[in-house]
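Step one of this worksheet: look at the structure below.
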Amino acid sequence: WFCFLYVSLCHYCRFKNHRKALVTSVDKKIPNGFMEEQEQTVVLLPRSPSPSKRYFPIPLDSLEEEYRIRSADDGKLFREEFNVRSTFIYRLVAFFLLSSTDDHSRVVLSHLDGHLFSDYINASYIDGYKEKNKFIAAQGPKLETVADFWRMIWEQKTATIVMLTNLKERKEDKCFQYWPEKGCWMYGNIRVAMEDFTVLVDYTIRKFCVQYQGSDGPRAPRLVTQLHFTSWPDFGVPFSPIGMLKFLKKVKTVNPSYAGPIVVHCSAGVGRTGTFIVIDSMIDMMHMEQRLDVFGFVSRIREQRCQLIQTDMQYSFIYQALLEYYLYGDTELDVCSLEGHLQRLHNTRAPHDRLGLEEEFRKLTNVRIMKENMRTGNLPANMKKNRVLQIIPYDFNRVILSVKRGQEFTDYINASFIDGYRQKDYFIATQGPLSHTVEDFWRMVWEWRCHSIVMLTELKEREQEKCFQYWPSEGSVTFGDYTVELTGDTLCETFTLKDMVLTYRPVRKSQHVRHFHFHGWPEIGIPAEGRGMIDIIAAVQRQQQQSGNRPIIVHCSAGAGRTGTFIALSNILERVKAEGLLDVFQTVKSLRMQRPHMVQTVEQYDFCYRVVQDFVDIFSDYANFK
1 WFCFLYVSLC HYCRFKNHRK ALVTSVDKKI PNGFMEEQEQ TVVLLPRSPS PSKRYFPIPL
61 DSLEEEYRIR SADDGKLFRE EFNVRSTFIY RLVAFFLLSS TDDHSRVVLS HLDGHLFSDY
121 INASYIDGYK EKNKFIAAQG PKLETVADFW RMIWEQKTAT IVMLTNLKER KEDKCFQYWP
181 EKGCWMYGNI RVAMEDFTVL VDYTIRKFCV QYQGSDGPRA PRLVTQLHFT SWPDFGVPFS
241 PIGMLKFLKK VKTVNPSYAG PIVVHCSAGV GRTGTFIVID SMIDMMHMEQ RLDVFGFVSR
301 IREQRCQLIQ TDMQYSFIYQ ALLEYYLYGD TELDVCSLEG HLQRLHNTRA PHDRLGLEEE
361 FRKLTNVRIM KENMRTGNLP ANMKKNRVLQ IIPYDFNRVI LSVKRGQEFT DYINASFIDG
421 YRQKDYFIAT QGPLSHTVED FWRMVWEWRC HSIVMLTELK EREQEKCFQY WPSEGSVTFG
481 DYTVELTGDT LCETFTLKDM VLTYRPVRKS QHVRHFHFHG WPEIGIPAEG RGMIDIIAAV
541 QRQQQQSGNR PIIVHCSAGA GRTGTFIALS NILERVKAEG LLDVFQTVKS LRMQRPHMVQ
601 TVEQYDFCYR VVQDFVDIFS DYANFK
């Protein structure tokens, strides 16, 4: 051991001195863009508690139980499995290499005349499940390396770039913006022009026209697509793997079969990058072998790039994503296959003689209600502000009001931010105001600059109050510091449209609010047809385009059943128009992870499918609604 350590130290010191000798006194930058005195930050993996332990592939029918066992005791067994390879020697190698690329797998660029080390870029070939060099794992480009990055894209014939970091996180630069916002830029000999971009709630798609322009003339241009995942939090891992799985499927769809390696990068090109590569590869293995081997695969790809998968949280997130995929599969549909899918859903299935629809809806009960994340709504001072005690907002996405001076617990309202199809926090799902929460309701409208309110209940149904009347029948009415004036009242086919002016009296400022009151929902059950819902969703979207896309407030009585159905349909129809695709199951599942009991009944769930079918029938020519 001492001989090995001595040889390793000598080799490292010789390499370091040689590298210093090659750096001029004018510019101390080394080829990978770091200053000689500035070492890369590397998180050294902890010592393994049991370095000799082995982990074997997991059959899919055992995955759920294995995940449950490993997750117990705050993920203790996940941490053990993650740390097994972190023996002393592995830590020693990691320390010396400082996460630089391994020579046997590094991407080698063509030499530029007169530029020493111009063949170097911090990027490594990484194998997929069965495909050699399917990926290139790279660090996020720096100002000094952006031209090398595009040279690599061109030379490797890459058609798809996967970006897993934001440009800044926690006020720190994580990646240089290596693309033009519009028009074109030159990076060395590579011309990059922005062709198109699409912003969605979890990721952004950018399409570039890339062309090499050398001394011997320009080459034929190529299309390169960048898929930029924007929902990875600054700390930890995504709350749910749903967005990542949708993103991964999009990457598979976009990347052409003839293209070179998919370039994947985060900031250092190890943690999030490795997480993405492992999930992609293990899904392929699940399809081919009906089992998965996360431990074995991570062990292999770490031989191609040191430190891939940096934290035990990333490691357990891989398993979480694979379990999600195994339990629910791919539930995405093309609109053309919707009719056949509906027929299958309404057929009975063995062994329980349930409709396929009931089986699909039953799976939503796997979404756990996180009572430990409802602390604020369950405080004694706030309990009386909840209309239904089972439907309380989660602390992580509740709408927070400003605290009234000298009054505790005045920042609470039973309302949750909900993501839209393209934008985070696009909706606010809330309950129908109570008589003592009306001022809080209008305070929320004012403080969050909302211009659209959608109401999906009558004030009374079956002789029970469902919502306090929070607007004037005529003229104006005052609730605490807020005055609401009715300025217009229009009856449409299935909804009433009211225009109001909301004034905050302490500063004498006002804003316009448009109120959409849907009358097509019966006291029991669901609407008989979907046209009315399609019409009100379209009207609300038109209003949003005019008023600046502030959050849309949606409420019924409790703010879950009809509210969830409206929001689900808004997101589903928006996607149908944009992509010709829908995923009712994952849309509703995502809503339930943001607010409990969204889309409460199997009838409401079925109604989502029916409305989409009505929408497709109305606009049977696909070009009419894309």
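Counting in the numbering used here, the sequence shown runs from 1 upward without gaps. We treat Cβ as the ideally placed atom computed from N, Cα and C, and that holds for glycine.
Candidates the options: closest to residue i by CA position
i: V588; options: E81, N571 and E579; result: N571
i: E372; options: R362, V388, I392 and K363; result: I392
i: K385; options: F441, V270 and V298; result: F441
i: V107; options: I126, I413, S416 and L116; result: I126
i: A538; options: R562, K509 and E574; result: E574
i: H240; options: S590, D489, P221 and E493; result: Note that residue 240 is Ser in the sequence shown here, rather than His. Per the Cα distances, S590.
i: Y605; options: A259, R362 and Q139; result: R362
i: N166; options: T160, T204 and D419; result: T204
i: L228; options: C266, F297, S547 and E485; result: This sequence places His at residue 228; Leu is not what is there. Nearest option by C-alpha distance: C266.
i: A123; options: P57, Y129 and V146; result: V146
i: R368; options: F619, R375 and M593; result: M593
i: N378; options: V264, Y412 and K182; result: Y412
i: T158; options: G128, I301 and Y258; result: Y258
i: F276; options: M286, L164, K250 and Q511; result: L164
i: M288; options: K130, E324 and V270; result: K130
Span of the beta strand (DSSP E) around residue i
i: T587; result: T587 -> not in any beta strand (DSSP E); alpha helix (DSSP H) instead, spanning V584 to R592.
i: M500; result: F495 to Y504
i: V210; result: Y203 to G214
i: T198; result: I190 to V199
i: Q511; result: K509 to F518
i: I553; result: I552 to H555
i: I262; result: I262 to H265
i: V107; result: R106 to V108
Backbone secondary structure at residue i - three-state DSSP
i: C467; result: coil
i: L357; result: helix
i: W185; result: strand
i: L581; result: strand
i: V237; result: coil
i: M617; result: The sequence given here places Asp at residue 617; Met does not occur at that position. Helix, per DSSP.
i: A220; result: coil
i: K16; result: Bear in mind that the predicted position of K16 carries a pLDDT of just 42, short of 50, making it unreliable; the figure below should be weighed with that in mind. If DSSP states are grouped into helix, strand and coil, K16 belongs with the helices.
i: T230; result: coil
i: T376; result: coil
i: N397; result: coil
i: T563; result: helix
i: Y609; result: helix
i: S402; result: coil
i: S570; result: helix
i: T225; result: strand
i: A94; result: Any reading at A94 needs caution, since the residue's pLDDT is 47, under 50, leaving its predicted position unreliable; the model's value is listed next. Residue state, collapsed to three classes: helix.
i: K371; result: helix
i: I121; result: strand
i: E603; result: helix
Cβ pair residue i, residue j closer than 8 Å
i: C608; j: V584; result: yes
i: W71; j: F78; result: The question names Trp, but residue 71 in the sequence shown is Ser. Yes; because the gap between Cβ atoms is below 8 Å, this pair is in contact.
i: K246; j: D202; result: yes
i: V611; j: G530; result: yes
i: V438; j: Y470; result: yes
i: D334; j: L581; result: yes
i: T457; j: S557; result: yes
i: E339; j: Q613; result: yes
i: V599; j: G559; result: no
i: R170; j: D234; result: yes
i: P218; j: V210; result: no
i: Y67; j: W154; result: no
i: R191; j: F197; result: no
i: L308; j: V298; result: yes
i: H517; j: K498; result: yes
i: S118; j: H111; result: yes
i: R60; j: M286; result: Reading the sequence as shown, one finds Leu at residue 60 and not Arg. Against a cut-off of 8 Å, the Cβ pair of M286 and L60 comes out as a contact.
i: H555; j: G432; result: yes
Residue i: first and last residue of the uninterrupted alpha helix (DSSP H) it sits in
i: D73; result: L63 to N83
i: R542; result: R531 to S547
i: P380; result: P380 to M383
i: G243; result: I242 to V254
- Task: Note down, one range per segment and in chain order, each alpha helix (DSSP H) of at least 4 residues found wholly within the segment 127-166.
- Result: DSSP runs (the alpha helix (DSSP H)) wholly in the segment 127-166: 146-155.
- Task: Can you check the segment 286-364 for any alpha helix (DSSP H) of at least 4 residues that lies completely inside it and give the ranges in chain order?
- Result: For the segment 286-364, the full-length alpha helix (DSSP H) segments reaching 4 residues or more read 294-301, 312-328, 338-345 and 356-362 along the chain.
- Query: Quick one: complete beta strand (DSSP E) runs, 3+ long, within the segment 410-496?
  - Reply: Unbroken beta strand (DSSP E) stretches of 3 residues or longer found wholly inside the segment 410-496: 415-418, 427-430, 452-455, 476-479 and 482-491, given in chain order.
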